[in-house]
Amino acid sequence: AFPAGATRPDSSNANINTWPQTVANHAIVRVSTRGVAMYTKAGAHMLADVAGWYTGTPTTPVTPVPANPTYNPNRATAVYSAKIGLYVGILTGNNLNAIADAGYAGTWSDLSNVASPGNVMLFAHRTTGNAPFRYINSLHPGDTFSLIGSDGHWYNYRVTNTSVTAPYYTSINSIASQYAPVTAQLVACSRADGSPTSTLYRITVTGRLVSIT
Numbered sequence: 032a033f034p035a036g037a038t039r040p041d042s043s044n045a046n047i048n049t050w051p052q053t054v055a056n057h058a059i060v061r062v063s064t065r066g067v068a069m070y071t072k073a074g075a076h077m078l079a080d081v082a083g084w085y086t087g088t089p090t091t092p093v094t095p096v097p098a099n100p101t102y103n104p105n106r107a108t109a110v111y112s113a114k115i116g117l118y119v120g121i122l123t124g125n126n127l128n129a130i131a132d133a134g135y136a137g138t139w140s141d142l143s144n145v146a147s148p149g150n151v152m153l154f155a156h157r158t159t160g161n162a163p164f165r166y167i168n169s170l171h172p173g174d175t176f177s178l179i180g181s182d183g184h185w186y187n188y189r190v191t192n193t194s195v196t197a198p199y200y201t202s203i204n205s206i207a208s209q210y211a212p213v214t215a216q217l218v219a220c221s222r223a224d225g226s227p228t229s230t231l232y233r234i235t236v237t238g239r240l241v242s243i244t
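Using the working numbering, the first residue of the sequence shown is number 32, and each one after it goes up by one.
Following this line, the structure appears as structure tokens:
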């Protein structure tokens, strides 16, 4: 934390070395005429409360107010994960089995938007149809995957949950609701232990949007 518009200092107020952690901290920070800025190098959710203040002359800002980026809702066209060697196109439609059989990841047309609140739920095969989701059981909390939007941006999600659940939409979506508002899920048939494959269960990898590149 540092005076808004001032040069960012080299030292930090709080350090986090593993994911996920909840870290509390108390700091005395100078302010500028624009207030206080908060910066995180690798991404974090930050909450700040003002407990009190000293009187004095605020620092004068030397940098302009940064502009917030704007991204319009658009369709996800592919999903990527370096860890498991995943790169597969996404198609939308009412027959997800036909889409998966053709070797794609499939979702319903109304659940394919990125850059907007909601959950993108993707289904693909693990042993047939080119088996694009064969190794999604190797994605664990802290890992990442990306959805590539039709606008050319990469929407990057950090895995928050990997679960084996009942093969119902409500069971799968209830996991995503814990990490709202912007989430994506990779879903495939699974045995109870998460390995391929049985139609009795679904392995669900849930990620929360953390960055756009």
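Positions of the beta carbon are idealized from the N, C-alpha and C atoms, including for glycine. Being a predicted model, the structure only gives us computed values, none of them experimental.
Presumed contact (8 Å Cβ cut-off) between residue i and residue j, rounded CB distance
| i | j | result |
| --- | --- | --- |
| residue 150 | residue 192 | Rounded, the Cβ-Cβ distance is 12 Å, inconsistent with contact. |
| residue 216 | residue 235 | 6 Å |
| residue 74 | residue 35 | Their Cβ separation, rounded to whole angstroms, is 20 Å, which puts residue 74 and residue 35 out of contact at 8 Å. |
| residue 131 | residue 155 | 5 Å |
With 16 other Cβ atoms within 10 Å as the buried cut-off, status of residue i
| i | result |
| --- | --- |
| residue 178 | buried |
| residue 42 | exposed |
| residue 181 | exposed |
| residue 170 | buried |
| residue 207 | buried |
| residue 213 | buried |
| residue 168 | buried |
| residue 233 | buried |
| residue 62 | buried |
Cα-Cα separation, residue i to residue j
| i | j | result |
| --- | --- | --- |
| residue 189 | residue 59 | 32 Å |
| residue 129 | residue 172 | 30 Å |
| residue 176 | residue 219 | 16 Å |
| residue 85 | residue 104 | 44 Å |
| residue 56 | residue 143 | 39 Å |
| residue 123 | residue 145 | 13 Å |
| residue 83 | residue 37 | 21 Å |
| residue 49 | residue 111 | 23 Å |
| residue 89 | residue 164 | 54 Å |
| residue 64 | residue 93 | 11 Å |
| residue 194 | residue 39 | 40 Å |
| residue 115 | residue 98 | 35 Å |
| residue 100 | residue 200 | 33 Å |
Beta-carbon proximity list for residue i, same chain, < 7 Å, skipping 5 on both sides
| i | result |
| --- | --- |
| residue 109 | 118, 119, 120, 121, 179 |
| residue 69 | 32, 77, 79 |
| residue 54 | 45, 47 |
| residue 229 | 220, 221, 222 |
| residue 241 | 74, 187, 188, 189 |
Contacts around residue i, its chain only, beta-carbon distance under 6 Å, and the 5 residues preceding and following it disregarded
| i | result |
| --- | --- |
| residue 134 | 160, 161 |
| residue 227 | 157, 158 |
| residue 137 | 122, 127, 130, 131, 154 |
heavy atom of the ligand SAH below 8 Å from residue i C-beta
| i | result |
| --- | --- |
| residue 116 | The ligand SAH is not part of this structure, which contains no ligands at all. |
Curious, which full-length beta strand (DSSP E) runs of at least 3 residues does the segment 83–130 contain? 105–112, 117–123
Could you tell me which whole beta strand (DSSP E) segments of length 3 or greater appear in the segment 176–210? 185–196
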